[in-house]
Structure formats: structure tokens, C-alpha cells
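Chains as they are written, first to last, in this note's numbering: chain L, 2 to 346; chain Y, 772 to 1191.
Printed below as a string of C-alpha cells:
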């Protein structure tokens, strides 16, 4: 019983200490897509300054926003990463929890690729092909304005120019930001090519979204989890399958997989940067202005992240697969970041 | 037909059945062994490259002009010097024919980004080196390292053709050496595979498990002693027993949720701290320890207790001076197995923020930390190819720890266990 009492006492003393102590490490949460970039910046920041290396949790964009907007104080994160812009609902949550001033920083772009094994032929897809192959309901082939359950079994059924392989696509689950961006950019992009569906958008936005964003559930699309390395391994084992993941994984595994052409553009650094490759998304991080001065190093970290050395045309983040902004935009972002101008919505 | 004949008739069949059953058992064990063998071989093969590292020899001239400092610069000025340029110039001096901007940056990319920090630390430690020429071994970039380790050179596509020629030239000039990868054991996490190590995670695991041990062992043993020796037999005690057994089967993520709600949100303990990790894992390990301790205490024969009571010992004296020492081997075995389980756990730690990128090595129970299995998970998820080998190497280290702990449990049992 003595042991029990003394260990309880130790626990209490430890707990008491905690509340008195502040925090000297920047706490960052958010998107798993921004994580590979943010971690590199954080590591260099820790090595080259006298501040501690920031701690970064990969919680997903939505999860990060939830923690970030929970309130002000050292037990909440200082910065959240996001692979999409903050939603107005999230911004309102922030406001109502006292997180009034939020600084938005755009860091660059990330391409989303459809890739297959190098042993197979490279696919040449259009966004329309992608929509027809993967949507839950597609327009009837006879041209009437009717939606039918997706009947296509092989890529050749979708488009005679494509190989007669079974449609088998490995992609991220609905919780992932990559999946959101894929639905929005690739599927909706193809969906819009049908004029009568596009017309629905004006009348019934909700229905339009459910047509354009729903992915088929009959086994042609396989949710492969958040681990992109696993998808690459599976593609290697099955040359007929196609995988969906971020450009940085294609970049690192270019000996094993190749990116499909989308609307004639190859997923490459230059084509994504100049917008020729259609499926790319912006990457952001958000800073809690109220924590400036409370936790040391936030301003310095932000300026390290927006420095030319990191996100410029020759920056070290480019080696990790980040697609940079153009020069003028970078300047603008750097300006907002150094002045810590809060965003409004 | 009499009985003997009946039995004789069925005998062959019964023997066959017996043999078949044994064969099935053998097959089951064999299948298990094959799976284990394939798994371990796969990990070992994948991990092998991670235990060596390539270093490149450079002639570094600590020229104050390149460093952009005065000739008699003090420590503070040296801290701000341009070591990045120094590292770049040093490798460029080996290939003076490289002129184009793009090629120059590709050439500089063959060195690890740790090179500039290595040069900085070197100069800060010995400021008199300023203006002198030194031979320095620096780490190669992970892509170059992979290139040297790949037998089929055409498969290493992360280097372009020029970089491959440079890499071959460096090797031919004797400027490349393959060494044991000590970085893996001395560094914390890094996003550059060649600089990444498991020391941060191992230290985090140590603190977490220490908290778990300090809390769960006394609590578990005390609970077991009370339930076994002092508790009255009634419905309430039965209910508690059922609940303890149930707790042992609760999915570990639930403990993480509980930890988030109680320790972090209510008590305000910091996220990602080994203290919180240890508390959560204590909840998870307690039932295992209680159950193991109870059966160990139960196995002590009643005659020991009766003898002690008979010569006038109190019940507490009986328990602490006679029953507990005899039950200790069993209790320790249960504790070690429970801790080994906790050592390999990631799910509950996800909820309390211990799944995070943390470079600095933790120095206490409240510093941010991760643990070994989390490190494995994070590396497995990294895009850089060289992390595949690192992942397997970290798995091997974790397996080693588990084998040692389980071995210790067996040893304790063999050495101290008494049978009646």
C-alpha cells in the first residue's frame, strides 16, 4: 500500500509541475500532405537557430483545423497545415472559440497523379475518362440525359483508345485530403464536360456535387488507406492496376511507377507549376497570431518557411516534390507572412 | 467375433488416426515457423543496407571570404557564417569542369544537407581552423548512398547521368568510404534518410515504459494481493473481477481516447509527453499484471499461509514475508510480458499526440517524444526510398528489445520458480 500511495504522490507532483510550466517548442498539426514539407523546414529551423525543433503531428487537414480552432492557450497548437483552404465553417469555429486572428500562408502546390507500373504501357487519360471510369453514376451512353449505375468494366469500355484492362484503381479513403482534391479536380473536371450536368449546378448545387463527387463502390475503386508507399508496392505487383497519390511519391519512385498523362499533360514539375497539368492543389499553413510572443520562434519559423531558400525556384523543398508559386505570388505571401496580416473570410 | 477381435480390427485405423493428428500438429507448427522465417528474412534483407553509410572525402578550405566573415572572427560571427556555400565550394573544387548553374546545384545535392552543419560544428569547436585547409569526411546524400548500394546501376534513377559519372569518379579516386551507420543509433528523427536515427524514439520508449512500470507494477500487485488475500467473497468482488478480465480485452485505442479526455483535456497535461503515454499504457497493462499476479499468488500453497499464521504472523506479515516473495517470479513474468506488449503499442498513442515528427531527443517525462513503433510507422509512410531500409532496421531493433524482454521473463521463471 505504501508503494501505491507514493506512486500516486509522484503522479500528482508531476501533474502539478506541468501546469506551471510554459511551452518552448512550437506545436504544429495538420495535413499529411504538407507534413513531408513542414518537417524538412522544421528540422532545418531547429538546426540553424537557437530555437527548439518544432513538433509536427500528422492529423489530416480536417483534424488539424479542429485542434487548431479549439481555442487559445499553450495546450492548443500554434500552426496547422492544410492541403486545402480553410472552410468558412472552420473559420467560424475558430472565431467563436476566441481564435480571432489567423494568418494564412500559401506555400505552393502539389500534383495528384494517376500512376501505373513501369512494366505496363503509360495511360493517356482525359478527365472525362477518369470521371466515366470512377464515378458511381454516369450519363447513359446513348446520349440521353439519364444517369445510370456505372456499367464500365474495362478502360476500353470507357474510351476505345485505352487498353482492355479491367478498371482497378487504388486510391485514398474519404478522410484524406488527397481524395477531396481528386474528387474536386479530376472527377468534377470530367463531370463538367457534360453540359447538362453542368447546368444542374445552377439549379441544385447539392445534386451536382453528389453526381460529380461520388466514387463507385462496386470494387473498381479500392480504398488503399493513407499509406502511399503501399500503393506503389501494389502497383508494382499488379501492372494492370492504377494508383492515385501525390506527386512527391511519383517523384521518389520514378523507377517503379509512371504517371499517366491527363488531358495530354504529363505530371512533371514544370507542367504542374504552370497549370498545364490539371490536377493540382494548393498547400497552406495557418498561424495563430495570439501565440506570437507566447511561444518562442513562431515568427522565425514562418519566415524560414516562406524564405526563397525553402520555397524559391531553387529551394530545398523542391527536392521533396513541392511545386513552387510564381515569383510575384511568393513575394506577396512573404509580405503577408512577415507582417502577420490576419486573414478574413 | 469377440471383443479382442473387435479391438484388433479397429487398431490399424486408430493408429492411422493418431499419426494423422500428429502430422497435422507438426504441419501447424511448421506453417508458423515458415511464416516467421519469411517475415524475419524479409526484414533482415531489407534492413541490411541501413546499417552501412557512405561518406565522401572533401578538402575543405575554411576561407574567411567564402564564409563571409572577418579574418579574426569571433564565435558569434562564426555562427552566422555561410557554411552552405563552403560545403558547395568544397565539392565543386573536385570537379572544376562543371560550369552550368543547374549542374552545379546537382553536384552540390550529392552531399547530405548535414554537411554544412558538420562544418559549422567543426569550426565552432576549433576556431583556429579559420583560413586553413582540412580533409573532412561528410555524409553522402541518401540518393548517392542508394546508388552505391545498388548493384544494377541502371535502376538507380534518382541520380541523373552526370551525377552517376561524378559518383563513379569519386569512388574511383578513393574519396568514398563505406562505414558502419552509427547515425542510426545516435541521432533523432530526420526527414533526410541519411541523418535519421532511432535514439529519440528509443529514449521516448524508455521514459514511457518507465512511467508504465512505476505505476502499473505497484498498482497491479496491490490490487492482486487485495483481491486474492483480503477481499471478501461477494457479488461486488465478482463484478470487479469480471470487469478486470473485460478490460484486458478492450481495444487499446479506447485507452487512448480515455487518456485524451482525462489526462490531457481534464488534467491539462501536455500533448506528446511520455508521462501521458506512460499513464495511458498503464491503464492498458494493469489488467494483464493483475491477472498474472493473481494466478501467481493463487499458486502459492495454502500450507505456507497456514504455517505463517500458525506461528503468530499477522495476515499482512504472512502476505508480505511469505506469499509475495514466493509469488514474485510469476508476478515479474506477467509484468515483463505486459510491458513488452506496451512497448509495441501505437494505437493509443495516436490520440495523445505521440505520433509526431520530433527531432530533439527527449530529456524528461514532459518533453515531446515518440516511441519506437511510432517511428517505424512514420518511416514506413515516408516517400524517400532509403526509408524502406531504415524502417526494417528499426523493426529489427524493436524485435531485439522484445526478444530480450521475453527472454528475461523466461529466465526469471526458470531460475526462481518453485513447484509444489
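Note that CB positions come from ideal geometry on N, CA and C, so glycine has one too.
As the structure is a prediction and not an experimental result, all values here were calculated from the model.
Does chain Y have any CB closer than 9 angstroms to the CB of residue 59/L?
Here residue 59/L refers to the residue found at position 58 of the first chain. So, interface residue.
Listing by chain order, which chain Y residues have their CB less than 8 angstroms from the CB of residue 306/L?
Here residue 306/L corresponds to residue number 305 of the first chain, with the count starting at 1. In chain order: nothing, as chain Y lies at least about 14 angstroms away.
Alpha helix (DSSP H) runs wholly inside the stretch 946-1033 of chain Y, at least 4 long, in chain order:
954-957, 970-996, 1006-1018 and 1023-1030
Select from the stretch 906-940 of chain Y all residues with a C-beta closer than 8 angstroms to any C-beta belonging to chain L, and list them in chain order.
926, 927, 928 and 929
How far does the beta strand (DSSP E) with residue 1096/Y in it extend, from its first residue to its last?
For the purposes of this step, residue 1096/Y is taken as the residue at position 325 of the second chain. Careful: residue 1096/Y lies outside any beta strand (DSSP E), inside the alpha helix (DSSP H) at 1095-1114.
Should the stretch 162-170 of chain L be regarded as contacting the stretch 179-197 of chain L, the criterion being three or more beta carbon pairs within less than 8 angstroms?
no
Can you have a look at residue 21/L and say buried or exposed, based on whether 16 or more other CB atoms are within 10 angstroms of its CB?
Position 20 of the first chain, counted from the start, is the residue given in the question as residue 21/L. Note that residue 21/L scores 38 on pLDDT, short of 50, meaning its location in the model is unreliable and no value can be drawn from it.
Leaving aside the five residues before and after residue 1045/Y along the sequence, list all residues of the same chain whose C-beta is less than 7 angstroms from its C-beta, in chain order.
Start at 1 with the first residue of the second chain, and residue 1045/Y comes out as number 274. For residue 1045/Y, where only same-chain residues beyond five positions count, the Cβ hits under 7 angstroms are 975, 978, 979, 982, 1133, 1136 and 1140.
Hey, which unbroken runs of the beta strand (DSSP E) at 3 residues or more fall wholly within the stretch 153-200 of chain L?
170-172
With DSSP run on the structure shown, which of helix, strand or coil describes residue 110/L?
Start at 1 with the first residue of the first chain, and residue 110/L comes out as number 109. Reduced to three states, the DSSP call for residue 110/L is strand.
When you compare only the Cα positions, how much space is there between residue 19/L and residue 874/Y?
The residue labelled residue 19/L in the question sits at position 18 within the first chain. The residue labelled residue 874/Y in the question sits at position 103 within the second chain. Because the pLDDT at residue 19/L is just 44, under 50, the model does not fix this residue reliably, and the point stays unresolved.
Sort 96/L, 104/L and 68/L by Cα distance to residue 299/L and report the nearest one.
Looking up residue 299/L in the first chain gives position 298. It is 104/L.
I think residue 1051/Y touches residue 1068/Y, with their Cβ atoms under 8 angstroms apart; what is that distance to the nearest whole Å?
Within the second chain, residue 1051/Y is the residue found at index 280, counting from 1. Within the second chain, residue 1068/Y is the residue found at index 297, counting from 1. About 27 angstroms separates the two Cβ atoms, so there is no contact after all.
For the stretch 949-963 of chain Y, list every residue whose C-beta sits within 9 angstroms of some C-beta in chain L, in sequence order.
959, 960, 961, 962 and 963
In chain L, which residues lie less than 7 angstroms from residue 1037/Y when you measure between Cβ atoms?
As a working note, residue 1037/Y is residue 266 in the second chain. Those within 7 angstroms of residue 1037/Y in chain L number zero; the least Cβ separation is about 11 angstroms.
Beta bridge counterpart(s) of residue 283/L as assigned by DSSP
As a working mapping, residue 283/L is identified with position 282 in the first chain. Residue 283/L pairs with 110/L.
How is residue 332/L classed by DSSP in three states: helix, strand or coil?
Counted from its first residue, the first chain places residue 332/L at position 331. DSSP places residue 332/L in helix when its eight states are reduced to three.
Indicate whether at least one CB of chain Y lies closer than 9 angstroms to the CB of residue 47/L.
Along the first chain, one-based indexing puts residue 47/L at 46. So yes, residue 47/L belongs to the interface.
If we define contact as Cβ-Cβ less than 9 angstroms, is residue 814/Y a contact residue for chain L?
Taking the second chain and counting its residues from 1, the one referred to as residue 814/Y is at position 43. Chain L contact via Cβ: absent.
One question on the structure: do residue 1154/Y and residue 76/L come within less than 9 angstroms of each other, judged by their Cβ atoms?
Along the second chain, one-based indexing puts residue 1154/Y at 383. Along the first chain, one-based indexing puts residue 76/L at 75. Cβ distance not < 9 angstroms, so residue 1154/Y and residue 76/L don't count as in contact.
At a Cβ threshold of 9 angstroms, is residue 833/Y touching chain L?
Taking the first residue of the second chain as 1, we reach residue 833/Y at position 62. No, because no Cβ of chain L sits closer than 9 angstroms to the Cβ of residue 833/Y.
First through last residue of the beta strand (DSSP E) which encompasses residue 83/L
Looking up residue 83/L in the first chain gives position 82. Residues 80-83.
Name the chain Y residues whose beta carbon is nearer than 9 angstroms to that of residue 255/L?
Position 254 of the first chain, counting from 1, holds the residue named residue 255/L. Correct list: 928 and 929.
Work out the CA separation of residue 972/Y and residue 854/Y for me, nearest whole Å.
Against the second chain, residue 854/Y aligns to sequence position 83. Against the second chain, residue 972/Y aligns to sequence position 201. Approximately 29 angstroms, taken between the alpha carbons.
Do residue 882/Y and residue 910/Y have their CB atoms nearer than 9 angstroms?
Within the second chain, residue 882/Y is the residue found at index 111, counting from 1. Within the second chain, residue 910/Y is the residue found at index 139, counting from 1. Yes.
Report the rounded CA-to-CA distance for residue 240/L versus residue 267/L, giving the unit in angstroms.
Stepping through the first chain from its first residue, residue 240/L is reached at position 239. Stepping through the first chain from its first residue, residue 267/L is reached at position 266. Cα to Cα, the separation comes out at about 19 angstroms.
Count the C-beta pairs between the stretch 1106-1119 of chain Y and the stretch 1169-1182 of chain Y that are closer than 8 angstroms, then say yes if the count reaches three, no if not.
yes
Against residue 320/L, what residues of chain Y qualify as contacts under a CB-to-CB distance less than 8 angstroms, listed in chain order?
Taking the first chain and counting its residues from 1, one reaches residue 320/L at position 319. What residue 320/L touches in chain Y: 880.
Validate contact between the stretch 1159-1169 of chain Y and the stretch 804-819 of chain Y using beta carbons, cut 8 angstroms, 3 pairs:
yes
The stretch 199-218 of chain L contacting the stretch 171-191 of chain L, beta-carbon criterion three pairs below 8 angstroms
yes
Neighbourhood of residue 860/Y by C-beta, 6 angstroms cutoff - its chain only, sequence neighbours within 5 removed:
Locating residue 860/Y in the second chain gives position 89, where the first residue counts as 1. Answer for residue 860/Y: 837, listed in chain order.
Give, in chain order, every unbroken run of the beta strand (DSSP E) that is at least 3 residues long and sits entirely within the stretch 231-265 of chain L.
243-247 and 258-260
Own chain, CB closer than 8 angstroms to residue 785/Y, minus 5 neighbours either side, in chain order:
Here residue 785/Y refers to the residue found at position 14 of the second chain. Within the same chain, residue 785/Y has no close Cβ partners at all.
Proximal residues of chain L, C-beta to C-beta of residue 1124/Y below 7 angstroms:
For the purposes of this step, residue 1124/Y is taken as residue 353 along the second chain, with counting starting at 1. Neighbours of residue 1124/Y on chain L, chain order: 58.
For residue 790/Y, which three-state DSSP category applies?
Along the second chain, read from residue 1 onward, the residue named residue 790/Y stands at position 19. Here residue 790/Y sits in helix by DSSP.
Sort 139/L, 40/L, 244/L and 242/L by Cα distance to residue 212/L and report the nearest one.
Reading the first chain from its first residue, position 211 is the one you call residue 212/L. That would be 139/L, whose Cα lies nearest to the Cα of residue 212/L.
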